[in-house]
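Reviewing the structure listed below.
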Amino acid sequence: MATIVFGAVGSLLGGPIGGSIGALLGRQVDGAIFGNGNRDSGRLKDLTATTSTYGDAIPQVFGRMRMPGSIIWSTDLVEHWDRTSSGKSSATVTSYTYTVSFAVALSSRPIVDIGRIWADGNLLRGAAGDLKVGGSIRIHTGQHDQAADPLVAAAEDAGRTPAHRGLAYVVFEDLDLATFYNRIPTLNFEVIGDEARLSLAEVLAGVDDLECEVPLDELVGLSSEGPYQDILSQLDTFYPVACDANGSGITIARELFQSAPLALAEAAISVRNDAFGGATGFTHNRNPVPVQPPEILRYYDIDRDYQPGLQRALGRSGPGQPQTTDFPATMNAASARALVERMARKADWSRDTIAWRTAELDTRFAPGSVVTVPDQDGQWRVADWEWRDGGVEFTLTRVMPSSADPTAYPADGGRAVVAVDAAVG
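Using my numbering, you'd call the opening residue of the sequence shown number 14 and step up by one each time.
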């Protein structure tokens, strides 16, 4: 700045010679104020890479899901510098860039492969497996015989480096951070846990002595961070997953193994003062409409790059705020619409309950069995039972008939801004 000012003043007062003298004085002032002509640009002072939080749960991934992952290992940022100059007498500019190597855990069960990877919303790895920036990636699918990553073993200690068997993770080596403002970006991974369509038997494969045949045709992917009972509670909203522990094993959705519903015997009258039903031996109750009926489903839309989607059930809105169910599953808009309709109708049909007492002991009747009741329409599922001195008392819930199962409804997930899978320049 001073070079320009002094040069202009010198030319005005003393002509070309005065301008040269003024420019020389200006460069001396510039040097005193701004230092020499060498510049440093974009250098970071803190070279420690971002780490994840201890104690974060690593979910199990089934099918295809988009997962953020959790960083489990990282090096410090590695600094690279480059000096450029436009001429012999011009200033030299030193530019700094950074790379980093780190590992990201994705699934606590083995997977098949990794698809696309997003970094700060843009594609870091395309569908063809090409990285859009400098660096390399290694995928560990979590098999129980996988070896430790060679980079991690070299950086830490080969004898102390875990192989993370049973844990699927990826390792980035010397990832160029120039595109991400010299920091580790926010990452999302397209995790391919299974190639085949999902079923409940595959999801609960770790449970011993389990008999289960429940297809999950609407789902493309599913993730769970909790125990198996959490998975069942999530799926129970949309699928018949009544469980029966009969002593020798566990049977799920027992009605699938019945050729026809079982017929309950006539109700037995009890003379106890605290017995339900009086002279009839049963009571039929219908619960009121809930204040917050389940009408809205949030999910991951596979047609919109796994971005969250929302579908709502048909029907007039009630007086209260409808309940929104967050389902950590991947599906398309049509499947989500069918599930939210099934969820709303199942909740409405399950408002009917019957307390029934019988004097006959039949081992075929157990929680999960589908039965018919004398002089009562429809089919009922045994929710629980209790042996008492006055007979066997059942609690029955109404089974939604197949005719009430929702058919295909038109659905649109909406338009989404998706990352372009462009070729590497």
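A virtual CB, placed ideally from N, CA and C, is assigned to each residue, including glycine.
Pair within 8 Å by beta-carbon distance, residue i and residue j
i	j	result
residue 439	residue 79	There is simply no residue 439 to check, as the chain begins at 14 and stops at 438 in what is shown.
residue 183	residue 153	yes
residue 236	residue 81	no
residue 367	residue 393	yes
residue 488	residue 204	Since the first residue shown for the chain is 14 and the last is 438, residue 488 is missing from the structure and cannot be characterised.
residue 430	residue 315	no
residue 189	residue 147	yes
residue 341	residue 308	no
residue 83	residue 69	yes
residue 180	residue 246	no
residue 140	residue 198	no
residue 134	residue 343	no
Rounded C-alpha distance that separates residue i from residue j
i	j	result
residue 425	residue 323	10 Å
residue 107	residue 98	9 Å
residue 90	residue 113	5 Å
residue 361	residue 389	18 Å
residue 438	residue 159	34 Å
residue 271	residue 130	46 Å
residue 396	residue 357	20 Å
residue 383	residue 414	12 Å
residue 280	residue 412	20 Å
residue 306	residue 251	15 Å
residue 370	residue 295	6 Å
residue 4	residue 359	With the chain represented from 14 up to 438, any question about residue 4 goes unanswered, as that position is not in the structure.
residue 277	residue 409	11 Å
residue 177	residue 155	7 Å
residue 92	residue 128	30 Å
residue 304	residue 173	56 Å
residue 435	residue 317	18 Å
residue 385	residue 398	15 Å
residue 212	residue 218	10 Å
residue 149	residue 85	18 Å
Buried/exposed call for residue i, threshold 16 Cβ in 10 Å
i	result
residue 100	exposed
residue 374	exposed
residue 350	buried
residue 427	exposed
residue 377	exposed
residue 105	exposed
residue 162	buried
residue 313	buried
residue 175	exposed
residue 406	buried
residue 231	buried
residue 138	buried
residue 195	buried
residue 216	buried
residue 319	buried
residue 165	buried
residue 111	buried
residue 355	buried
CB-CB length for residue i against residue j, believed under 8 Å
i	j	result
residue 403	residue 285	6 Å
residue 381	residue 243	So it is not a contact: roughly 19 Å between Cβ atoms.
residue 310	residue 254	The pair is not a contact, with the Cβ atoms about 17 Å apart (cut-off 8 Å).
residue 124	residue 206	5 Å
residue 185	residue 115	6 Å
Residue i CB to nearest heavy atom of the ligand MG below 7 Å
i	result
residue 305	No copy of the ligand MG occurs in the structure displayed, which carries no ligand at all.
Next item on the list: Scan the segment 326 to 380 and note each continuous beta strand (DSSP E) run of 3 residues or more that stays entirely inside, going in chain order.
Entry: Qualifying beta strand (DSSP E) stretches, in chain order: 336 to 344, 365 to 371.
Check: Enumerated in chain order, which unbroken segments of the beta strand (DSSP E) with a length of 3 residues or greater are wholly contained in the segment 390 to 426?
Finding: 393 to 401, 404 to 411
Margin query: I'd like the ranges of any beta strand (DSSP E) spanning at least 3 consecutive residues and lying wholly in the segment 181 to 211.
Written below: For the segment 181 to 211, whole beta strand (DSSP E) runs of length 3 or above, ordered along the chain, are 181 to 189, 200 to 205.
Margin query: Please give me, in chain order, every unbroken run of the beta strand (DSSP E) with length at least 3 that falls completely inside the segment 88 to 155.
Written below: 91 to 98, 105 to 120, 126 to 132, 135 to 138, 149 to 153
Checklist line | Length at least 3, wholly inside the segment 232 to 296: the beta strand (DSSP E) runs in chain order | finding: Entirely contained in the segment 232 to 296, the beta strand (DSSP E) runs reaching 3 residues are, in chain order, 234 to 237, 256 to 258, 263 to 265.
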